[in-house]
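4 protein chains.
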Amino acid sequence: MNAIVYHGKEDFRFERTADPKLEGECDAIVSVSRTAICGSDLHLWHGGLGDAIAISEGFAVGHEFLGVVQETGRGVRGFKRGDRVLASCTVGCGDCASCRRGVYSGCVTMTKGGGASNVFGFSTGLPGGQAEAVRVPFSDTNLFRVPEQLSDEQALFLTDILPTGYMGAEMAEVGPGDTVVVFGCGPVGMFAQMSARLRGAARVIAVDLDDERLARARRLGSDTVNSARENLGERVLEATHGQGADAAIEAVGRADLITQAAMITRHGGRVAVIGVLTEPTATLPWFLMFMKNLSLRTGLVNPQNHIPRLLPLIEQGRLDPTVIISHRLPLSDGPRGYDVFAHHKENVLKVVLQP
Amino acid sequence: MNAIVYHGKEDFRFERTADPKLEGECDAIVSVSRTAICGSDLHLWHGGLGDAIAISEGFAVGHEFLGVVQETGRGVRGFKRGDRVLASCTVGCGDCASCRRGVYSGCVTMTKGGGASNVFGFSTGLPGGQAEAVRVPFSDTNLFRVPEQLSDEQALFLTDILPTGYMGAEMAEVGPGDTVVVFGCGPVGMFAQMSARLRGAARVIAVDLDDERLARARRLGSDTVNSARENLGERVLEATHGQGADAAIEAVGRADLITQAAMITRHGGRVAVIGVLTEPTATLPWFLMFMKNLSLRTGLVNPQNHIPRLLPLIEQGRLDPTVIISHRLPLSDGPRGYDVFAHHKENVLKVVLQP
Amino acid sequence: MNAIVYHGKEDFRFERTADPKLEGECDAIVSVSRTAICGSDLHLWHGGLGDAIAISEGFAVGHEFLGVVQETGRGVRGFKRGDRVLASCTVGCGDCASCRRGVYSGCVTMTKGGGASNVFGFSTGLPGGQAEAVRVPFSDTNLFRVPEQLSDEQALFLTDILPTGYMGAEMAEVGPGDTVVVFGCGPVGMFAQMSARLRGAARVIAVDLDDERLARARRLGSDTVNSARENLGERVLEATHGQGADAAIEAVGRADLITQAAMITRHGGRVAVIGVLTEPTATLPWFLMFMKNLSLRTGLVNPQNHIPRLLPLIEQGRLDPTVIISHRLPLSDGPRGYDVFAHHKENVLKVVLQP
Amino acid sequence: MNAIVYHGKEDFRFERTADPKLEGECDAIVSVSRTAICGSDLHLWHGGLGDAIAISEGFAVGHEFLGVVQETGRGVRGFKRGDRVLASCTVGCGDCASCRRGVYSGCVTMTKGGGASNVFGFSTGLPGGQAEAVRVPFSDTNLFRVPEQLSDEQALFLTDILPTGYMGAEMAEVGPGDTVVVFGCGPVGMFAQMSARLRGAARVIAVDLDDERLARARRLGSDTVNSARENLGERVLEATHGQGADAAIEAVGRADLITQAAMITRHGGRVAVIGVLTEPTATLPWFLMFMKNLSLRTGLVNPQNHIPRLLPLIEQGRLDPTVIISHRLPLSDGPRGYDVFAHHKENVLKVVLQP
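Protein chains in written order, with the working numbering: chain A, 49 to 403; chain B, 49 to 403; chain C, 49 to 403; chain D, 49 to 403.
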């Protein structure tokens, strides 16, 4: 089959690679109809993330994909050939202590290889979804049926970035009436903003440096601050009668923004970090965090927990994830998609690929 | 001063009554600019609620009001003459064990008289707000400043029924993606529907017998079922792939609707009852509730907990409580307002009175 | 094989019945080493529970059992012949919407037969565990490994009644410092008392009519009230400075005790009902519940959720479930065990059977 | 009156200072009967905490004290001369947005001076409690009645360090069955260990370098690790079947221990930091925290929230806070008490002073 294949830093190629095959009784092979490039794929493209990556030359990348079941192992109970499905980007066995707690990303069975070995396209054991077909382990746990009335594009982002944005709002404990600051208006930041509103935020303040992206955020209902020109701290204090934001979500992946998040958050506030920092350590404003009684959460997404909540919202028209799509390319143009996305060309926001 | 004064069953009169005076160091006298008739006032008007009522002839009724501080006791710290304020309908001292837990309705200090003695207009010790002026005890705890940019009508329902509707959604633990059934499209039911959506419900199904009210509910975004003509159970099963609603909110006050709520709710679902039943007991479908692992909650509202969350939503335009107002009358027409509201005349939904 | 077999009201016999066989790919056959008689088995013995029961003559009863895996289907991943295991009394498929929420008792796959068809020994499709061997469906979800250092008797009650007692304390939201009233000092009531203390209750007040049982409760650290002779309400008010209990747990199964629970609970308190009422409806003191802002929860236990928390407590010696065992009989004496347990003979508390 | 008075780094003197006087209507003057030296007083003694301190020469220090009400302002409702009381170390007004959320440490009214200006003895506006008498602002919010049957020593630590230790267990979301690692066996660490058990932890692993302190921890029921000699990571993995601890509590105040806490905690685990770091920033192992989906919380204690839960546990004998007392000195020997505590002399654990 054809796929986007890893050959090293900034060298991803569209080429033939081995067809996926059933390996375990609970595997399924999914024929891909839509896939997308994620910000974390860019970390791989840039050669970052160090030890967390266990992928080597010749393997397919990508972890956001949706398609049709082609073949199933004998232990698969809930799916059969022909079912339209999407896969969680993080794979869990469903039965270990970590999966039973809903922390599939820490699946004892799947993370034996270390690092992010249970995310598609980040490990040689789990080739990615920017491909014509993918093997999905423990498919009863990790596949989700796509309702007939939803288009591929409506459902595609449930695989990763819509749950990631939602998880940001959940980890930041966003509730009715809150003022929430979201750092970043990329795809994940946009979904974090939409999720904050969905959970009842009275006001979402979106922060970015890119006026185009800020304009998009305003169209979604956010207030915006261009931090290159405007004083975020003043704006937040003004909006909150001097108290600070109830919650902040970092959706960029920079340690200095975690510090900013702590600075603009009120006593007893919550900071969630869904941006992926590539440095192993981060220096935080501890004394401030202590004096303010802050809580700070971060982590890999577990879409399995969020899909059952988010799917009905898309079905009912309360969430439209397709608004973030800026580019639709054939899979064969994937390498160009990476180039466009990595260098912020053509007002790119999200690149969708079609095999 | 003038007020709507209780003289017995279906006999409320607009007449002169004693001016309120400061009685405790923490009291404030509020000059009323807007007040409203609540469904629970109707229970009083119909002569119901039995022992819960400790009001006798000659006292002012009403517990939804907003106005301007006229005078304060020496122990009042946060308010002064001229402040525009609204009062929580339930009054707590703020310091007892119950108030510290946020259950102001069970305030040890204020409920010594038994029954609903800490709700304005339900006890001789706490004359009501359908009056030109009212005494508010423990005003630092029970008064809330009205932001300048809000009109009286935008803020008025924070005193009781907006928090009551919201409490219904909170007690029913409504969260993103839920399907929620709300029994009743009266003022409280409408606010429960708006609150369910605000907390992220994917679908709200409103139930009533009155097509006018159902049409209003549809305009707010609810699906509707006229239970006189349509089969609610079938509609809910159809909407939820046969599982039942995640949550149900009873906003009418009838025991048989609690049974219906239990019947249309899924395993592990939640039922909240914010309608006021006048009978002392209710017979519930226990075996069904047991087999379904249901949770059931009811109670008096404590607006003190909800106002800080709801106020910013009104300020930001995410909630418009004025949509329920159907009648605006001078306070002197209050008795006619009761008649209209009690007999569902003139497509009434909510009657606001102006002293 | 031999088993305790249902022949109708008060007619359970020890006799030969069909050997269990693998039916699905995910089944396991467990050879039973210990089993016990549960209070809900008595409902069956007394002929109660009506439609909830779908068992017919000739089927094995019982749902508390522990043993050794004898055979597994090809889809079973986590267990193999020779593993020492216990089974959850309630069986879920692990993948349906209800199981994914942790409400295995409402498993869409397993409850197609209606009623309690997914509890062992209550349905012809799921023969019981008072037998030499049992078929366990979806065994990766419903079986749990027994640590080597635990005896059969230490682990046995994890199958049902220890999680049931714990669920009572959890549904009643028992937390540090609480005063908790537990109605009933039978096996489940005892575990509810132990669980309330485990969750940090400052004081547990156990209520029963049987002085022997009350003495046992005192040995576990509970205060006790014999409600035949003592005034429970006065005792609770005295213990709580006039406020009422923070939480109450009904572990008997009588509607009038739910009313008592509501009466002795404080404003904002929580009532959990884990006793099984055999009547389809219950009449509750609604106006009191409303004025007090009570929450009320009931339901079937889902041991799958609680075993991971309770097992380490037994391993570390913080919980000793064996204290409730009063009778140890061979399985062949099971019918006598039922007679003793049903008629409260011989100071019976809990009967354990050994095949 | 006499007090321990600040004169600069390592220079605290027992000497005469100004008598406290009522300043606001809601103030009370408390005549002190017991007070104690806290680890955070040592930060002051060592000259640390920088800008957070707004105290100048001549003011009394100390924030843990208990005594008898001597005089009250006219706005005080709940207390009168002669009442035996303890004070929360953190003072809130009770009415501002932050206090209403339970974050008294961020009280808008009291923190206008910046830093820790609402902790007794850390600000010139709020002289401390290592004195014969203290002024307590907003006394209805910050004073708590001491039950007659409790000794001064049983109640004293409710002012700060018992709630601090408990808050550690709460912020780490310790629940039944958890394995919890507590870094530090000083007074706060000991209370964190006791609190973890109280919340149902199956196993508490206490870490310290001091064998005497570790022996005390074992007597309280903790497992112990001397991190100078033993490999904590191995011990934790062994105890948790390779998964890591459910929760970790840092009760020392060293950034490197936060890193250790993150390393020994499982996927989805929780880290709480109640030790006070004196450096303004801390470098954390971010990538590890991200891959493990950790939550991290820190903050000043708000005893107002915890006292109602902890007090009944002391009354019922489930918590004995006096076990940590190693030294009882007259207030006049306070300077020696500081010396002993600061230099770990005489197996000191906690120094109590009596005016």
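All residues carry an ideal CB built from backbone N, CA and C; glycine is no exception.
Ranked by Cα distance from D200 (chain A), the first of A:S270, A:S187, A:S81 and A:L262 is A:S81. Around K57 (chain D), the same chain offers W93, H94 and G95 as residues with beta carbons nearer than 8 angstroms, after the five sequence neighbours per side are excluded.
Here DSSP, grouped into helix, strand and coil, assigns H315 (chain D) to strand.
For the segment 142 to 154 of chain B, the residues whose beta carbon sits under 9 angstroms from a beta carbon of chain D are, in order, G142, D143, C144, A145, R148 and R149. Secondary structure at P378 (chain B): strand, using DSSP grouped into helix, strand and coil. Unbroken alpha helix (DSSP H) runs of no fewer than 4 residues, entirely contained in the segment 225 to 299 of chain D, are found at 235 to 246, 259 to 267 and 280 to 287, following chain order. Chain-order list of chain B residues neighbouring L358 (chain A): P224 and G225, by C-beta distance under 8 angstroms. At a cut-off of 7 angstroms between C-beta atoms, G72 (chain A) does not count as an interface residue with respect to chain D. Contact residues of the segment 249 to 268 of chain D toward chain C are A249, A250 and R251 (C-beta to C-beta distance below 9 angstroms).
Residues of the segment 119 to 139 of chain D with a C-beta atom less than 7 angstroms from some C-beta of chain B are R122, G123, R125 and G126, listed in chain order. Scanning its chain for C-beta atoms nearer than 7 angstroms, with the 5 sequence neighbours on each side dropped, one finds around L305 (chain D) the residues F231 and E298, in chain order.
DSSP links R64 (chain B) through a beta bridge to B:N50. Between the C-alpha atoms of C233 (chain B) and A265 (chain B) there is a straight-line separation of about 7 angstroms.
About 26 angstroms separates the CB atoms of A276 (chain B) and S243 (chain B); that is not less than 8 angstroms, and the two are not in contact. Two segments are said to touch when three or more pairs of C-beta atoms, one from each, lie closer than 8 angstroms; by this definition the segment 178 to 188 of chain B does not touch the segment 337 to 351 of chain B. Here A320 (chain B) is bridged, per DSSP, to B:I297 and B:R345. Counting only runs of at least 3 residues, the segment 158 to 186 of chain C fully encloses the following beta strand (DSSP E) elements, listed from N- to C-terminal order: 181 to 184. In this structure, G154 (chain B) and N190 (chain B) do not form a Cβ contact; the two beta carbons are roughly 15 angstroms apart against a cut-off of 8 angstroms.
Legend: CB atoms of the segment 295 to 321 of chain A lying less than 8 angstroms from CB atoms of chain D belong to residues A303, R314, H315, G316 and V321. Only residues of its own chain outside the window of five on either side were considered, and among them T227, V229, I253, G292, A293 and I312 have a CB closer than 8 angstroms to the CB of V284 (chain C), listed in chain order. Across the set B:L90, B:G115, B:E105 and B:I77, the C-alpha of B:I77 shows the shortest separation from the C-alpha of V124 (chain B). In the DSSP assignment, L361 (chain C) falls within the alpha helix (DSSP H) that extends over P351 to E363. Contact check for G115 (chain D) against D75 (chain D) fails: the beta carbons are separated by 7 angstroms or more. For G169 (chain A), the closest of A:T157, A:V156, A:K160 and A:V184 by C-alpha to C-alpha distance is A:V184. By the Cβ rule, the segment 83 to 93 of chain B counts as touching the segment 377 to 397 of chain B, because three or more pairs are nearer than 8 angstroms. Counting only Cβ-Cβ distances below 7 angstroms, Q364 (chain B) has contacts in chain A at A250 and R251, in chain order. Below the 7 angstroms Cβ cutoff, chain B contributes D143 as neighbours of D188 (chain D), in chain order. Each of A:T65, A:G106, A:L90 and A:C144 was checked against the Cα of Q352 (chain C), and the nearest Cα belongs to A:C144. Between V371 (chain B) and T346 (chain B), the gap from beta carbon to beta carbon reaches 7 angstroms or more. Residue pairing for A135 (chain B): DSSP places it in a beta bridge opposite B:L191. With a cutoff of 7 angstroms on beta-carbon distance, H315 (chain B) and V151 (chain C) are scored as near each other. Around the beta carbon of E112 (chain B), 16 or more other beta carbons sit within 10 angstroms, so the residue counts as buried.
Not a single CB atom of chain B sits nearer than 7 angstroms to the CB of R183 (chain C). In this structure, D208 (chain A) sits near C137 (chain A), with a CB-CB distance shorter than 7 angstroms. Taking C-alpha positions only, Y54 (chain B) is separated from G72 (chain D) by approximately 41 angstroms. Taken through DSSP and simplified to helix, strand or coil, G95 (chain B) comes out as coil.
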